[in-house]
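> Okay, so the sequence shown: first residue is 213 according to this note's numbering, each after it adds one.
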Amino acid sequence: MTLVKEKIEQKIEDRDIKYFEYGEFKSIKEIGIGAFGRVSRAYLASNKLEVALKSFINENSNIEEDTLNEFFKELNLLRKVSHDDNINSFLGITKNLSGNYVMVLEYANDGNLREYLKRKFTFLKWEDKIQMALDITGGLKCLHHEEIIHRDLHSKNILVNNGKLLIADLGLSKKLAEISSNSVANRLGMVEYTDPRCYTFTKFKKNKKTDIYGLGVLLWEITSGRPPFHDHPREEVDILGFHIRCNGLREKPVEGTPLKYQQLYQKCWDVDHDIRPDIEEVYEILSQLKTDLLKTENLSKPENSFYLQVPIDLHLNINADKQIELQKSNSYVNDSTLLDLSVPSSFGGDPNSKTKEFVNSEVIDATQIRKETPINDNLVDQIEKKFTKLNLEEGEKEKIRNLLIVGRTGSGKSTLANVLSDYEEFKESMCIEINETNNLQKINFEENGIKYCVVDTVGFKYSNLSMKVVLDKIKEGIYSIPEGISQILFVIDKPFAADEKEMIESFEKYIFESGIVEYITIVRTKFSNFMSKGECEKDKSQWCNENKSIAKIIESCGGVIHVNNPPIYISEYDFDDDDDKEGRIKINKKMRNWSRTTLLDHLKGVCEKKYYKLRDVSCSKTTIDEVKAMI
Numbered sequence: 213m214t215l216v217k218e219k220i221e222q223k224i225e226d227r228d229i230k231y232f233e234y235g236e237f238k239s240i241k242e243i244g245i246g247a248f249g250r251v252s253r254a255y256l257a258s259n260k261l262e263v264a265l266k267s268f269i270n271e272n273s274n275i276e277e278d279t280l281n282e283f284f285k286e287l288n289l290l291r292k293v294s295h296d297d298n299i300n301s302f303l304g305i306t307k308n309l310s311g312n313y314v315m316v317l318e319y320a321n322d323g324n325l326r327e328y329l330k331r332k333f334t335f336l337k338w339e340d341k342i343q344m345a346l347d348i349t350g351g352l353k354c355l356h357h358e359e360i361i362h363r364d365l366h367s368k369n370i371l372v373n374n375g376k377l378l379i380a381d382l383g384l385s386k387k388l389a390e391i392s393s394n395s396v397a398n399r400l401g402m403v404e405y406t407d408p409r410c411y412t413f414t415k416f417k418k419n420k421k422t423d424i425y426g427l428g429v430l431l432w433e434i435t436s437g438r439p440p441f442h443d444h445p446r447e448e449v450d451i452l453g454f455h456i457r458c459n460g461l462r463e464k465p466v467e468g469t470p471l472k473y474q475q476l477y478q479k480c481w482d483v484d485h486d487i488r489p490d491i492e493e494v495y496e497i498l499s500q501l502k503t504d505l506l507k508t509e510n511l512s513k514p515e516n517s518f519y520l521q522v523p524i525d526l527h528l529n530i531n532a533d534k535q536i537e538l539q540k541s542n543s544y545v546n547d548s549t550l551l552d553l554s555v556p557s558s559f560g561g562d563p564n565s566k567t568k569e570f571v572n573s574e575v576i577d578a579t580q581i582r583k584e585t586p587i588n589d590n591l592v593d594q595i596e597k598k599f600t601k602l603n604l605e606e607g608e609k610e611k612i613r614n615l616l617i618v619g620r621t622g623s624g625k626s627t628l629a630n631v632l633s634d635y636e637e638f639k640e641s642m643c644i645e646i647n648e649t650n651n652l653q654k655i656n657f658e659e660n661g662i663k664y665c666v667v668d669t670v671g672f673k674y675s676n677l678s679m680k681v682v683l684d685k686i687k688e689g690i691y692s693i694p695e696g697i698s699q700i701l702f703v704i705d706k707p708f709a710a711d712e713k714e715m716i717e718s719f720e721k722y723i724f725e726s727g728i729v730e731y732i733t734i735v736r737t738k739f740s741n742f743m744s745k746g747e748c749e750k751d752k753s754q755w756c757n758e759n760k761s762i763a764k765i766i767e768s769c770g771g772v773i774h775v776n777n778p779p780i781y782i783s784e785y786d787f788d789d790d791d792d793k794e795g796r797i798k799i800n801k802k803m804r805n806w807s808r809t810t811l812l813d814h815l816k817g818v819c820e821k822k823y824y825k826l827r828d829v830s831c832s833k834t835t836i837d838e839v840k841a842m843i
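(1) On the DSSP bridge assignment, give the partners of N656 in chain order.
(2) Taking just the CA atoms, how far does A345 sit from V494?
(3) Check N345 in the structure and name its three-state DSSP category.
(4) When the Cα atoms are used, what is the spatial distance from F232 to L303?
(5) Under DSSP, the alpha helix (DSSP H) around N373 begins and ends at which residues?
(6) Please classify L256: does DSSP put it in a helix, a strand, or coil?
(7) With 16 as the cutoff for other CB atoms within 10 Å, does I299 come out buried or exposed?
(8) Please state the DSSP three-state secondary structure of A629.
(9) Near D322, what residues of its chain come up, given a Cβ to Cβ distance below 8 Å and the 5 sequence neighbours on each side ignored?
(10) What is the residue span of the alpha helix (DSSP H) that I723 lies within?
(11) Contact check, L632 vs V666 under 8 Å by CB: the rounded distance?
(12) With distance defined between alpha-carbon atoms, name the residue in E339, L616, Y405, D684 nearest to K368.
(13) Of the residues L701, N805, W755, L615, which one's Cα is nearest the Cα of M743?
(14) Taking DSSP's pairing of strands, which residues face F672 in a bridge?
(15) Output yes or no for whether 7 Å exceeds the beta carbon distance between S626 and I704.
(16) For I686 and F719, what's the separation of their Cα atoms in angstroms?
(17) Can you tell which of H362, S267, D347 has its C-alpha closest to the C-alpha of L290?
(18) Using 8 Å as the cut-off, can you tell me whether the stretch 312–321 makes contact with the stretch 347–359, which would need three or more C-beta pairs spanning the two stretches below that distance?
(19) Quick one: residues in its chain with C-beta nearer than 6 Å to the C-beta of L431, no 5 flanking neighbours on either side, listed in chain order?
(20) What is the C-beta distance between P707 and D751, in whole angstroms, given that I count them as a contact (C-beta under 8 Å)?
(21) Let me know the secondary structure DSSP gives R736 once reduced to three states.
(22) Considering only residues of the same chain and omitting the five flanking positions on each side of L683, which have a CB-CB separation below 8 Å?
(23) Within this structure, are the beta carbons of N614 and I693 separated by less than 7 Å?
(24) Quick check on this structure: which residue in D482, G727, G619 has the alpha carbon closest to the alpha carbon of D711?
(25) At least one CB of chain B closer than 7 Å to the CB of I497: is that the case?
(26) Under the DSSP definition of a beta bridge, which residues are partnered with Y231?
(27) Using only the alpha-carbon positions, how far apart do C769 and K472 sit?
(28) Helix, strand or coil for V314, going by three-state DSSP, please let me know.
(29) Count the other CB atoms within 10 Å of the CB of Y225; is the residue buried (16 or more) or exposed (fewer)?
(30) Is the distance from the Cβ of L505 to the Cβ of E747 below 7 Å?
(31) Looking at C-alpha atoms only, which residue of I734, L365, S294 is the closest neighbour of W481?
(32) Over what stretch of residues does the alpha helix (DSSP H) that includes G746 continue unbroken?
(33) Is it buried or exposed, G468, if we count other Cβ atoms within 10 angstroms and call 16 or more buried?
(34) In this structure, does DSSP put H366 in helix, strand or coil?
(35) What does the Cβ neighbour count give for S324, buried or exposed, with the cut at 16 atoms within 10 Å?
(36) Closest to N281 by CA distance: which of S267, G661, K223 is it?
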C-alpha cells in the first residue's frame, strides 16, 4: 500500500501535476457536497480566474500502488484534453486546511445539466437542444480519441457554463469510489444511465460503447427536460435495474422529437454493443441534423415568401410613386429576398456574407407585391394597421417585461438579478476587484402570472475591459431583447453623484437616444435602512441637492428604489460559531425577499409603458404573403 501524500508530492516535484498553494484562493464559498467532501467556488487571484475546488482524497489515505498509478495516468490524460471546449478543464491540485487534496477545476456558472434543464427547458428551442447534444458528443469524441473512457456519464456530471455544456469528472471520482468502497452502486453508477451489461456480467469492463449507452440516455433527457424514470421510487432501484436489464425497459420518445434524433439515441442505448454507433457516427448524425433543421426552417416559409424587416419605430412611408420607403436603419435582409424585391444593390458589410446591412434609406417597389393590383389609399391604411399590430411597442396584454441591468462592477448588479428572479443563477461579485459578469447573463422567470426577462450586463470601472468593449456588450444585451426594453435598472451602491451622472450621459450618447431617462429606475443597493420611507427620501433629497443636473435626472427617471441584498453565501471562516453563521444567512435571506417585493411592486407600475427600442437595433418582421393577404 502506498501513502497518497508521498505519491502526490512526487508527482508535484516531477511537475506532472501543477500545485497551487491554498492561500492563493480567495473568496472561497461552499456550493455543494461531493463523494469525498465539499465542492467550493473560489477566485484564483494569480490567474484572475474563477474556479471550482473539489475534494477527492485525504493525504493520509493508503491505496495500492498499481491502482494509484492508474489514477494518475488518467489524471495526466485529463490534462491532455483540458483544452477541449466541451470538457471541464483540470487546472491542478491544492490541499485544503483539513488535509484533503483538492482538484482545481474550471468553474461552470450554470450548474449541472439536470439543474439547467429544470430551470431553462421551457425556453429551449430544437436548435438549442441539438447544440447541447453536440456539445456533449464533442467532448466525448475528444475523450475517446485519447482512449479515455468516462465510465459515469449522467446529467449531474455534465456542467453548463454560459450555456455551453462541459463533460466533468471523467471517471476519476468514480475510480476513487471503486477503490475506497466495495459498494455495487459505486462500481456501477446511476442505474438509469448504466449499460445493462454491467449488471449481467460481473467481470464486465466498461468501454467506449458503455459511454455511448449513457450518451443515448442523455440525448433523450435533453428532449424531455427531466431525468429518466424520475417518477420511479428510489428505494426500488434494483427493480428498475432488473426491468432495464431483462425486459429492455427504456424511456418513451417525447412527442415532436425529430425521427432521426429519436432513432439515434435508441441505437445508442440498444443492449447490443454492435448496434450502438461509435462517437464519430453520433457526432456526424447530430451535425447533419443541425444543418437539416436550419434548412427546414427556411423551407417552411410559403412559396415566394420572404421576411421584410421594417424598423420597429415604423419609419415607413408609401410615397407618391407607390413605393415603400424604409428609413435608415440597421435592418437586415437575407440574400434570397433580393430575388423578390427590386432593392438597390448599395449594401454595406461583407459582400460575401449571407446577411447584408442597409446603409441608407432603401426603397422597395411596392407594386412588385402583386403587379395586377394597384395600391390604393385603403391598402395603405391596411398596411399601416398591420404594421401597428406587429409593432410590439404597443405591447400585448401578456407581454414580457424586459429588464436590462447596468452599473459598476461590484455594485450588486448580478445579486439584484438573483434577487429579482429568485434564482441563484447569476454570478455574484465576492469582492469589488472581481468582475463576475464578463459576458451578458440572461434569465426568464414568472411572478404572479407576469413574465419577466432579466439581462445582466458587464460592469463599468473595475472591469478589465475597455469602456468601448463594455458599451458594445451592453448593446449586445439590447440585441438579445428583440421586443425592446421595459425598464433599465441602473444599480448604484452609494449616493448618486457626478460619476453616476456621467454614466447615464454615456448611455444616452453612445447607446440610447433621447428619452431614455424615463425608462431608467435607479436602484440603490446596500442601503441598510431601505425599509424606512423617511430614510429613503432623505437619501434621495441629498442626491438632488448635489447639483441641478442630478436633480433633473432624478426627477425625470422612472423612479428611485432603495434595497439591501446582503450575501447568502458566507464563508465558514467568517464565523467561529456555526449558529451565528446560519442565523446571519436566514436574516440575509429575509432582507433579500423584502427587497424583491419592493422591486416587483415598483416594476408593476413602470413596466406598463411602451417598450423602449433603438431605431438601429429593433426590427419587426412581416412576410410578402401577409402583405398580399391585406390586398
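For every residue, glycine included, the Cβ atom is placed at its ideal position computed from N, Cα and C.
A quick look at the data gives this:
(1) C665.
(2) Approximately 10 Å, taken between the alpha carbons.
(3) In the sequence as displayed, the identity of residue 345 is Ala instead of Asn. Helix, per DSSP.
(4) Looking at the two C-alpha atoms, the distance is approximately 9 Å.
(5) No alpha helix (DSSP H) contains N373, which is instead part of the beta strand (DSSP E) from 370–373.
(6) It is a strand residue.
(7) I299 should be labelled buried.
(8) DSSP, read as helix, strand or coil, puts A629 in helix.
(9) Within the same chain, D322 has close Cβ partners Y328, L371, V372, N373, N374, G375, E637.
(10) No alpha helix (DSSP H) holds I723; DSSP gives it neither H nor E.
(11) Here L632 really is in contact with V666; their C-beta atoms are around 6 Å apart, less than 8 Å.
(12) K368 has its Cα closest to that of Y405, out of E339, L616, Y405, D684.
(13) The shortest C-alpha separation from M743 is found at N805.
(14) Partner(s): R620.
(15) It is not a contact, given that the beta carbons lie outside the stated cut-off.
(16) Taking the straight line from one Cα to the other gives about 9 Å.
(17) Closest in C-alpha terms to L290, from the list H362, S267, D347, comes H362.
(18) Not touching, per the Cβ criterion.
(19) So the qualifying residues of the chain are A345, Y477.
(20) Between D751 and P707 the Cβ distance is about 7 Å, and since that is below 8 Å, they are a contact.
(21) R736 falls in the strand class under three-state DSSP.
(22) Only S718, Y722, I723 meet the Cβ criterion.
(23) In this structure, I693 lies closer than 7 Å to N614 by Cβ.
(24) Answer by Cα proximity: G619.
(25) No chain B is present in this structure, which holds just one protein chain.
(26) I305, per the DSSP bridge assignment.
(27) So the two alpha carbons sit approximately 53 Å from each other.
(28) Of the three classes helix, strand and coil, the one that applies to V314 here is strand, per DSSP.
(29) Note that residue 225 is Glu in the sequence shown here, rather than Tyr. Result: exposed.
(30) For the pair L505 and E747, the CB atoms are not nearer than the 7 Å cut-off.
(31) Looking at I734, L365, S294, the one whose alpha-carbon comes closest to that of W481 is L365.
(32) Counting along the chain, the alpha helix (DSSP H) containing G746 begins and ends at 745–756.
(33) So G468 ends up on the exposed side.
(34) Residue state, collapsed to three classes: coil.
(35) The sequence given here has Asn at residue 324, not Ser. Under this definition N324 is a buried residue.
(36) Checked all of S267, G661, K223; the closest Cα to N281 is K223.
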